[in-house]
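Novice: Below you'll find the structure I mean.
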Amino acid sequence: MTKFGIVAIINLLFIAGCSVGEPVRISANGMVKWSDGHTEGMHVSQTGSSLTFANYSNEVGAPALVIFARIDSARNDNCEYFYVETAVKKRLKVCETGEVTLFNRGKVVKVGHMVKPRY
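The opening position of the sequence shown corresponds to residue 26 in this note's numbering, with each subsequent residue numbered one higher.
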């Protein structure tokens with residue numbers, strides 16, 4: 026193989042390895058503003074039983090969407106708890122005040138505030 030061919034293959038592999046597909050677009054009817062300043066759109070089901078986020082993870086094979094399902098038996102004061110079926114250790118606590126806490130394996134990952142949807 027020529028020197029040009031080897032360089033072309035290396036460049037192609039580098040570009041392919043660095044490209045990240047755009048996440049799935051969701052019809053957001055709510056928003057979470059995280060304490061780090063980032064905002065993230067979400068779709069809240071009409072029943073309020075699920076919260077859907079686009080997955081911005083760069084993990085290989087990661088699903089395009091992250092869907093949190095409400096845990097009906099887990100209610101504490103004015104807060105509701107949600108979990109991801111494919112990653113049970115990932116939980117979300119949403120309080121009536123709008124406070125949102127994201128947990129992974131029992132540890133706080135992010136905190137923020139939710140703008141509640143209106144129907």
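For each residue, glycine too, the CB sits at the ideal point set by N, CA and C.
So who's on the other strand from Thr111, going by DSSP bridges?
Specialist: For the purposes of this step, residue 111 is taken as residue 86 along the sequence shown, with counting starting at 1. When beta bridges are read from the DSSP output, Thr111 appears opposite no residue.
Novice: How about Lys139 and Gly55: are their beta carbons less than 8 Å apart?
Specialist: Stepping through the sequence shown from its first residue, residue 139 is reached at position 114. Stepping through the sequence shown from its first residue, residue 55 is reached at position 30. The identity of residue 139 in the sequence shown is Met, whereas the question assumes Lys. Yes, Cβ-Cβ distance for Met139 and Gly55 is below 8 Å.
Novice: Do Ser70 and Phe93 have their CB atoms nearer than 8 Å?
Specialist: Within the sequence shown, residue 70 is the residue found at index 45, counting from 1. Within the sequence shown, residue 93 is the residue found at index 68, counting from 1. No, these two residues do not count as a Cβ contact at 8 Å.
Novice: Identify which residue in Ile51, Asn129, Val57, Thr122 has its Cα closest to the Cα of Ala112.
Specialist: In the sequence shown, counting from the first residue as 1, residue 112 sits at position 87. Checked all of Ile51, Asn129, Val57, Thr122; the closest Cα to Ala112 is Asn129.
Novice: So Phe107 packs on Arg116, CB below 8 Å; how close in whole Å?
Specialist: In the sequence shown, residue 107 corresponds to position 82, counting from 1. In the sequence shown, residue 116 corresponds to position 91, counting from 1. Confirmed, Cβ separation roughly 7 Å.
Novice: With C-beta atoms as the reference, is Val125 less than 8 Å away from Val136?
Specialist: Stepping through the sequence shown from its first residue, residue 125 is reached at position 100. Stepping through the sequence shown from its first residue, residue 136 is reached at position 111. Cβ atoms of Val125 and Val136: closer than 8 Å.
Novice: From Gly131 to Arg50, what distance separates their C-alpha atoms?
Specialist: Within the sequence shown, the letter at position 106 stands for residue 131. Within the sequence shown, the letter at position 25 stands for residue 50. Looking at the two C-alpha atoms, the distance is approximately 29 Å.
Novice: For Asn80, which beta-bridge partners are listed by DSSP?
Specialist: For this step, residue 80 is matched to residue 55 along the sequence shown. Its beta-bridge partners do not exist; DSSP assigns none.
Novice: Closest by CA to Met67, which one among Gly73, Ser60, Lys58, Phe78?
Specialist: Walking along the sequence shown from the start, residue 67 turns up at place 42. Considering only alpha carbons, the answer is Phe78.
Novice: With a threshold of 16 other CB atoms inside 10 Å of the CB of Val57, please say whether the residue is buried or exposed.
Specialist: Along the sequence shown, read from residue 1 onward, the residue named residue 57 stands at position 32. Buried, since its Cβ has 16 or more Cβ neighbours within 10 Å.
Novice: Can you tell me whether Val119 is buried or exposed? The criterion is at least 16 other CB atoms within 10 Å of its CB, across all chains shown.
Specialist: What you label residue 119 is simply residue 94 of the sequence shown in a count that begins at 1. So Val119 counts as buried.
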